[in-house]
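Residue numbers for the sequence shown follow the working numbering, so the first one is 4 and each next one is one higher.
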Amino acid sequence: MERLNLTGVNKHKAPDALSNLSAVLIDRDGVRIDNAAIHGKSKVERGITWVTDTDDIPEPQRIALVWVTLHREILGLGIHGLAASIFYVDSEAGLGYKNLADQVNKMDSAVKGKIQLDMLTEAEMKQLGAFLMAQREELWVNASEAVWANWLTEEQYKPMKLMRIEAEKDRERIRREAERERSEGMNEHK
Numbered sequence: 004m005e006r007l008n009l010t011g012v013n014k015h016k017a018p019d020a021l022s023n024l025s026a027v028l029i030d031r032d033g034v035r036i037d038n039a040a041i042h043g044k045s046k047v048e049r050g051i052t053w054v055t056d057t058d059d060i061p062e063p064q065r066i067a068l069v070w071v072t073l074h075r076e077i078l079g080l081g082i083h084g085l086a087a088s089i090f091y092v093d094s095e096a097g098l099g100y101k102n103l104a105d106q107v108n109k110m111d112s113a114v115k116g117k118i119q120l121d122m123l124t125e126a127e128m129k130q131l132g133a134f135l136m137a138q139r140e141e142l143w144v145n146a147s148e149a150v151w152a153n154w155l156t157e158e159q160y161k162p163m164k165l166m167r168i169e170a171e172k173d174r175e176r177i178r179r180e181a182e183r184e185r186s187e188g189m190n191e192h193k
């Protein structure tokens with residue numbers, strides 16, 4: 004099973020901004036990560052001839068592509084940007100339709116930390132939320148409030164928000180103590 008693209012060496016000659024990008028696909032078979040979609044080569048896209056109109060596809064299957072980006076937050080790595088695009092495939096006919104410009108624009112939006120999920124159905128939103136929450140706990144706990152707001156009420160994410168505030172205070176206190184110790188050490192050597 005692929006994981007959200009968090010660690011490891013970037014094997015591709017891609018900009019650093021794309022190194023924390025993952026592609027999540029949602030269709031009738033469920034939710035899965037297929038990072039080959041970043042290059043337009045996901046499992047469902049391989050062998051497909053792309054047409055310019057969905058009417059040219061005999062039995063189009065809706066596939067939601069959600070770009071997910073990660074960003075280091077106060078307590079660690081968390082979900083930062085989410086943007087969805089829709090494409091259609093008929094595997095048997097070998098035909099598909101996608102708006103490449105929309106996919107690229109949504110990828111850019113996710114990389115910039117924007118949340119654009121308006122193209123998803125209610126069912127797809129539920130599937131995506133459950134998938135993201137189950138992927139790795141730290142990614143969900145460290146997600147931006149804009150991400151949480153899509154699936155949780157403010158009351159539900161308030162404890163995580165308070166935890167971040169306390170962590171920031173601790174981080175600042177440790178930084179000040181280290182600075183003071185460094186300063187005292189320099190004074191002793193004079």
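Every residue, glycine too, gets a C-beta built ideally from N, C-alpha and C.
- The continuous alpha helix (DSSP H) containing L135 extends over residues E125 to Q138.
- Around the beta carbon of S186, fewer than 16 other beta carbons sit within 10 angstroms, so the residue counts as exposed.
- Excluding its 5 nearest sequence neighbours in each direction, D93 has C-beta neighbours in its own chain below 8 Å: I60, P61, E62, P63, Q64 and G99, listed in chain order.
- Per the coordinates, the alpha-carbon of Q138 lies some 15 Å from the alpha-carbon of N23.
- Between the beta-carbon of L68 and that of F90 there is about 6 Å, and that keeps the pair under the 8 Å contact cut.
- With a cutoff of 7 Å on beta-carbon distance, L123 and I66 are scored as not near each other.
- With respect to the C-alpha of G79, the residue from V144, N190 and A181 having the closest C-alpha is V144.
- Only residues of its own chain outside the window of five on either side were considered, and among them H83 and G84 have a CB closer than 6 Å to the CB of G116, listed in chain order.
- The beta carbon of R31 lies closer than 7 Å to those of Q64 in the same chain, with the five residues before and after it left out.
- If one requires a minimum length of 3 residues, the beta strand (DSSP E) runs lying completely within the segment 48-78 are 64-76, in chain order.
- By the 16-neighbour rule on beta-carbons within 10 angstroms, L142 is buried.
- Judged by DSSP secondary structure, L24 falls within the beta strand (DSSP E) whose first and last residues are L24 to D30.
- Take the alpha-carbon of K129 and the one of I118: they are about 15 Å apart.
- By the CB criterion at 7 Å, V71 and S112 fall outside the cutoff.
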